[in-house]
Amino acid sequence: MSNLNAIQLSGVSKSFDGFMALSQADFTARWGEVHALLGENGAGKSSLMNIAAGLYAPESGSLLINDNAVRLSGPRDASRYHIGMVHQHFKLVKPFTVAENIQLALPEGPGNHAFSGSHRQRLAALEQRISDKAAELGFSIDPRKITESLSVAEQQRVEILKVLLAGARILILDEPTAVLTDGEAERLLETVRAFARQGAAVILVTHKMSDVKRFADRVTVMRGGRTIQTLDPQTVSVPELVRLTVGESAPASEYQPAIPGEVRLQVRNLRSKGASGHGALNGVTLNLRAGEIYGIAGVGGNGQSELANVLMGLPEPCDGTLELTGFGDLRRASAEQRRELRIAAIPADRYGAALAGELSVAENFGVGQVHSGRYGSFFRLRRKRLEAEAAEAVAGFDVQGVRSLKQKAALLSGGNAQKLVIAREFSRDPQLVLVHSPSRGLDVRATAAVHARLYAAREAGAAVLVISEDLDEVLALADRIGVMSGGRIVAEFDRPADRQAIGSAMVSHDEQDHAEPVAEGASHE
Amino acid sequence: MDMIANWLGNTPDFAVPFALAALGLILTERAGVLALGAEGLMLVGALAAIGAQLAYGSHGVSLLLAMGAAAVVSLLFALMVLVLRINQVIAGLALVFFCQGLTGLLGTLLEWTNKPVKGLAAVELWPLSELPLLGKLFVQNPLVFMTPLIVLAVVWFLTRTTTGLRLRAVGENPQAADAAGISVLGYRLAAILVGAALIGLAGGYISLLSTKLWIADMTGGRGWIAVALVIFARWSPWKALAGALLFGCIEALIPQLAAAGVRLPQYFVLMTPYAVTLAVMIWVASGRHATGNQPGALGIPFIREERR
Amino acid sequence: MNEQVRPVMLEQAAQAAKRPKQPLLSRCYALEIRQQLAWHWQAVIIGLALLLGLGVSAAILVAAGVPAGELLNEFVILTVFDAQSLKAVLFQASPMILVGLAGCMAFRAKFWNLGLEGQMIWGAIGATAISLFEVGPPALRLPLMLAAAIFCGLLWALAPVVLKLRLKVNEIISTLMLNYLAINFLLHLLYGSWKDPKSSFPYSPQFQTFERLPELFDGISAAVPLAVVVALLALWFLGISRAGLYLRFVDANPRVAGAVGVPVQKMIIGTVLISGAMAGIAGFLVTAGQEGRLTQSFYQGYGFSGILIAFLARNNPVAALVVALLMAMLFVAGRSLQVFYQIPFSMVQLIQAILVICVASSDFFIRHRIRRVQGGES
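Chains as they are written, first to last, in the UniProt record's numbering: chain A, 1 to 525; chain B, 1 to 308; chain C, 1 to 378.
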């Protein structure tokens, strides 16, 4: 392997609104290698790579390409230096066709000048090039399809084709396997490894140890905006890599077996139409008992968000019933009634569905109970009492970084914002707890704290439903696991569950499209 | 019979300002900029056209100056929404009020108010103009005949050129466009300027070719109707043209009814364009007619290094 | 393999490095969102923006023919320090306060109520109807007129808010269209059945003495305390009652508000109706207080003023009182400029628009930080 460096970032710093996202980060990738950039959420991986792709301007530090110092004035400039990045959130124009999306990204030059030849002719020529390139990489893509109608994996392939056709030789992939099934991920990583072997440089941003161990030639570990170390993944053990990424050994919470009580929530045959026309929910059926944690695992985009919305009473048109024992169909309950019923909801999108970032910590805490009259009648809101209780809860739930109760909730870190949501939702001793991706974007300690709260709720007799795309989280938390695929629960497992079996159930939908939706023994009808 | 012929003949004259303003709005909004300022920019175009006509007396120059004046004023809007990232609704409203104040002031101070100017001679499209009933449709001023061509040009630009593709990308997903190396602010600025020029032309048409004089606030809400028109045309130029013809029909009917001696309460008749706008908006919203097609990033300011 | 790549890469990198293109300004300075800025800095920034707006306005006035030395005289001395003018300002301020509060209310509910003029017109029509048809005994006439004004203004705001919530009809357009309907209906009445038979002008008959707002003391109209009472009610609603907290959530993020148990729809409808009712009261104040009859253009300038007052006051009722007073000064001064220097009244609207633009722009400096980044150095 050559020693010539493809791209070298040294001493790079970048801050956002006083928050230091990167401090003195160094990173070097060589031609011909797959170089993994490993770290937890918020470690600064994406920020560093956005600088390499010309999207962010660094505050200090230097960028060398082929050992020449360069300065990128924007993504187009990066593309001139043959750098291409596939972002975690795809940068695709949804109503456009595949070919149109790719044409946008191509540099202007002979054959692709805005005023040369007819638009249609150039598009037709491009479609041919796309098909050829796709065949070369082993993808099958119809360049005339509207991007919106493609699956996530297909959209990702479009992104890769886009940067490669634009001439990228330094390929940056930001969390490419997060949205893929195990099989898809494997195929993708094989492809990019082959690409690197042809002499290109591939940078693989990830937080998955297995990707690193199996596909990376070298790995650079990031933590808290700093690059910690660059190693050969074959010479380090997984526990050692984990220690490097989290900086401390992950505290394993002691698992106590559940003592489930009566069935508290019966979900019957939920169906909904997804945005793209094919069903998002295709008959979800499950039972949730008091005193247990039911985990829903699955590859992202198999109906989890829609299910979470329906359960939490967020706008989501669908058919079917949610039978809450002692109440009836939960879907007819207003948001106020749900609070009266002591139902706690912890949505995945913290600032989109749980907290108003512009408003204060106290207001965000208190609003959940205002309707009950706890803080005075309609005519007079007892702010003093609200603030006193907010202060109590902030201390009780260990929400840190609250300088004043009047401080905007948006200024809290992810973990503390999540703790604030939990403080509000758990303030009335919930009987039913609905949780979606509770540890998304949280560090190890915050995740452990959140998990401890969920266990405490279970011990107090609540029925807890956790939807998470992170299989490790579901395995760690749940007493029972339902696997979601193609908009329904395709299998259920009791603890201790077999990881392999769950993994194959997660992708089973593709092969057995006609399988019956779980003939579970847990059916209480 | 005569009345219907006259009515049809007058329709294009009323429809053209709606069509041109809607086209300008579509261009701007397809780039993701919510353009509520049409009413104001039309006033600027209208005043500039009359002023230029009084000074130079050439219709072509006057209309060009109307376009230029609206484009220049729209720079203020561009500054507000592109550079200062002011909420686009507030910026649009502020622009309308600014233009109303400015044109009212200048119209009086420069003494351009209520001074009639000569219209533009009509052109006959022979032999179509000899058709029974429809003949008068083809005796119009040149700008009427140019309007469908302008629509065609806009459609061609948006759907058949790479620049148009980029413009739509900027309106749909500016982050994607930016990552692809397209200058989001550059395209948006261009879209605002060109859109404003078309809206200014619409205003110039009203003052110079329709009413042939300037009165303060003479557009009377037509800019707002154009905004509504674009919403129910779902940002499609052809549908906007059809909608403009509908409103042209309604406006052209009012004087015809009066001339024919139909006695209707005058002020209720004057309400019709506004009532129809409301009715059409409700109709479009209540049915499951064409929804979607709204530019994905309409009204959302763009900043590259945004991070929450 | 690498041997093939290297020379190509090197060549291209070298080529690119030679390009004379300078980095864009945007790369020397990065723009980022700032979450919080100390309030005194905010005040300084807004103050500077207002000064800039006033400076530009003054320049325009001078260009339009007002002697520079007279500006201060016209706008401050003659409006505040002259007892007669001060009364005129207070008188003018009362409907201003009401439309300003109406704007505050609607904006708190995230509703662009551009229909203040239409609601005002209907308020005035309602009040005038009570007078014309002599409803109720004379002692109750004024309260009845007020009630009618409230009811009519509220009703005219009902359709757009319901249409927005049920059908997602854009309220900016619907309220504006309803304004045009209201204006034409007003003209229909004034040129038709409601025309004063004693005169040829398009206005309604003069109200009787007991139908006009009395002067309380020292020539101060009852409109002034009425406006202050409404402002206090607004302050209670937004600041003390539960509704204030709910509305803050509706404004910040309706989706979150719904999820945490705020009755979003009820709050929006209720608040917008209150907004309409306040605009209706403003119509009543102008007709029963200032004009003494329904006239054809009494509403002009109030719609924009209401929005402007709410915007400058950041939807705060107390601040709205102050801003409304300043706007009233501007109106009074504008009228005297009209008389003494033949400057059209549009000047007032232009100045208002300039102030809005300047203050809106100041928000940029409050919410963003511009910082030098490395891209700019050589």
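For each residue, glycine too, the CB sits at the ideal point set by N, CA and C.
- prompt: Are A446 (chain A) and G414 (chain A) close, meaning C-beta to C-beta below 9 Å?
  reply: Result yes, Cβ atoms of A446 (chain A) and G414 (chain A) sit closer than 9 Å.
task: With distances taken Cα to Cα, identify the nearest neighbour of L110 (chain B) among C:C358, C:H368, C:I343, C:R369.
output: Residue C:I343 is the option with its Cα nearest to L110 (chain B).
- prompt: Is the number of C-beta pairs between the segment 106-118 of chain C and the segment 316-336 of chain C that are closer than 8 Å three or more?
  reply: With fewer than three CB-CB distances shorter than 8 Å, the segment 106-118 of chain C does not count as touching the segment 316-336 of chain C.
message: By the three-class DSSP mapping on this structure, what secondary structure does M218 (chain B) have?
response: Secondary structure at M218 (chain B): coil, using DSSP grouped into helix, strand and coil.
field: Length of the line joining the Cα atoms of G118 (chain C) and V73 (chain B)
entry: For G118 (chain C) and V73 (chain B), the distance between alpha carbons rounds to 29 Å.
query: Do A252 (chain C) and G138 (chain A) come within 9 Å of each other at the CB atom, strictly closer than that value?
result: Cβ atoms of G138 (chain A) and A252 (chain C): not closer than 9 Å.
task: Spell out whether any CB of chain C is found under 9 Å from the CB atom of I182 (chain B).
output: Contact of I182 (chain B) with chain C is not assigned, every C-beta pair being separated by 9 Å or more.
task: Kindly indicate if chain B contains any beta-carbon less than 9 Å away from that of S79 (chain A).
output: True, the Cβ-Cβ gap to chain B drops below 9 Å.
- prompt: Just checking my contact of A462 (chain A) with L432 (chain A) at CB under 8 Å: how many whole Å lie between their CB atoms?
  reply: At roughly 6 Å, the Cβ-Cβ gap stays under 8 Å, so A462 (chain A) and L432 (chain A) are in contact.
message: Buried or exposed for R30 (chain B), going by 16 or more other Cβ atoms inside 10 Å?
response: Burial check for R30 (chain B): the Cβ neighbour count within 10 Å reaches 16 or more, so the residue is buried.
Distance CB(F286 (chain C))-CB(F304 (chain C)) smaller than 9 Å: Strictly speaking, residue 286 (chain C) in this sequence is Val, with Phe absent from that position. No, the Cβ-Cβ distance between V286 (chain C) and F304 (chain C) is not below 9 Å.
query: Can you find a CB in chain A that lies within less than 9 Å of the CB of Y341 (chain C)?
result: By this cut-off, Y341 (chain C) is not an interface position.
message: As a quick exercise: from C:V262, C:G244, C:A222, pick the residue whose alpha carbon is nearest that of S372 (chain A).
response: Per the Cα distances, C:V262.
- prompt: What's the C-alpha gap between L247 (chain C) and L238 (chain C)?
  reply: Cα to Cα, L247 (chain C) sits roughly 8 Å from L238 (chain C).
message: Quick test of the definition: if touching needs 3 or more C-beta pairs under 8 Å, does the segment 31-49 of chain B touch the segment 86-104 of chain B?
response: They touch, by the three-pair rule.
task: Could you tell me which residues DSSP puts in a beta bridge with M85 (chain A)?
output: Per DSSP, A:I172.
message: Given a cut-off of 9 Å on the beta-carbon distance, is the pair I357 (chain C) and I60 (chain C) in contact?
response: For the pair I357 (chain C) and I60 (chain C), the CB atoms are not nearer than the 9 Å cut-off.
message: Quick check on Y180 (chain C): buried or exposed, where buried means 16 or more other Cβ atoms within 10 Å of its Cβ?
response: Burial state of Y180 (chain C) is buried, judged by a 10 Å Cβ sphere holding 16 or more other Cβ atoms.
field: Residue environment, L165 (chain A), which counts as buried when at least 16 other CB atoms sit within 10 Å
entry: Per the 10 Å Cβ criterion, buried.
query: In three-state terms, what does DSSP make of A36 (chain A)?
result: Strand.
task: Residues of the segment 12-41 of chain B with a CB closer than 8 Å to any CB of chain A: list them in chain order, please.
output: Cβ contacts with chain A come from no residue of the segment 12-41 of chain B.
message: Please identify, using Cβ separations under 7 Å, the residues of the segment 148-176 of chain B that lie next to chain A, in order along the chain.
response: Of all residues in the segment 148-176 of chain B, R160, T161, T162, T163, L165, R166, A169, E172, N173, Q175, A176 have a Cβ within less than 7 Å of some Cβ in chain A.
- request: Check the DSSP bridge columns for D329 (chain A) and list the partner residues they point to.
  value: For D329 (chain A), which the question treats as bridged, DSSP gives the partners A:E323.
query: How should D429 (chain A) be labelled, buried or exposed, when 16 other C-beta atoms within 10 angstroms of its C-beta is the threshold for buried?
result: The residue in question, D429 (chain A), is exposed, as its Cβ has fewer than 16 Cβ neighbours within 10 Å.
message: Please return the same chain residues whose Cβ sits closer than 6 Å to the Cβ of M222 (chain A), not counting the five positions on each side in sequence.
response: Excluding its 5 nearest sequence neighbours in each direction, M222 (chain A) has C-beta neighbours in its own chain below 6 Å: G39, A43, G44, K45, listed in chain order.
message: Between C:K87, C:A127, C:L163, which has its C-alpha nearest L216 (chain C)'s C-alpha?
response: Measuring C-alpha to C-alpha distances from L216 (chain C) to each of C:K87, C:A127, C:L163 identifies C:K87 as the nearest.
message: According to DSSP, simplified to helix, strand and coil, what is D251 (chain C)?
response: In the structure shown, D251 (chain C) falls within a helical segment according to DSSP collapsed to helix, strand and coil.
- request: Could you name the residues of chain C that R339 (chain A) contacts, counting a contact when the two beta carbons are closer than 7 Å?
  value: Those are G261, listed as they occur along chain C.
message: Looking at chain C, is there any beta carbon in it that lies within less than 9 Å of the beta carbon of P315 (chain A)?
response: Chain C, which has a Cβ nearer than 9 Å to the Cβ of P315 (chain A), makes this yes.
message: Rounded to whole angstroms, what is the Cα-Cα separation between residue 380 (chain C) and L95 (chain B)?
response: Summary: the structure shown does not reach residue 380 (chain C), with chain C confined to residues 1 through 378, and so no result is reported for it.
- prompt: Quick one: what's got a C-beta closer than 7 Å to K162 (chain A)'s C-beta in the same chain, skipping five residues either side?
  reply: Cβ neighbours of K162 (chain A) within its own chain (closer than 7 Å, five residues either side excluded): N101, I102, A105.
- prompt: Can a CB atom of chain A be found closer than 9 Å to the CB of G296 (chain B)?
  reply: Interface with chain A (9 Å Cβ-Cβ cutoff): G296 (chain B) is included.
- request: Just the chain A side, please: which residues come within less than 7 Å of A191 (chain B) by C-beta, in chain order?
  value: Per Cβ cutoff of 7 Å: no residues; A191 (chain B) is ~16 Å from chain A at best.
message: What residue range does the alpha helix (DSSP H) around N101 (chain A) cover?
response: Per DSSP, the unbroken alpha helix (DSSP H) holding N101 (chain A) starts and ends at 98-105.
- prompt: How long is the line joining the alpha carbons of L24 (chain C) and A57 (chain A), rounded to whole angstroms?
  reply: Note on L24 (chain C): pLDDT 44, under 50, position unreliable in the model; no value is reported.
message: For R85 (chain B), would you say it is in contact with chain A, using Cβ-to-Cβ distances shorter than 9 Å as the test?
response: R85 (chain B) is outside the set of residues whose beta carbon lies under 9 Å from a beta carbon in chain A.
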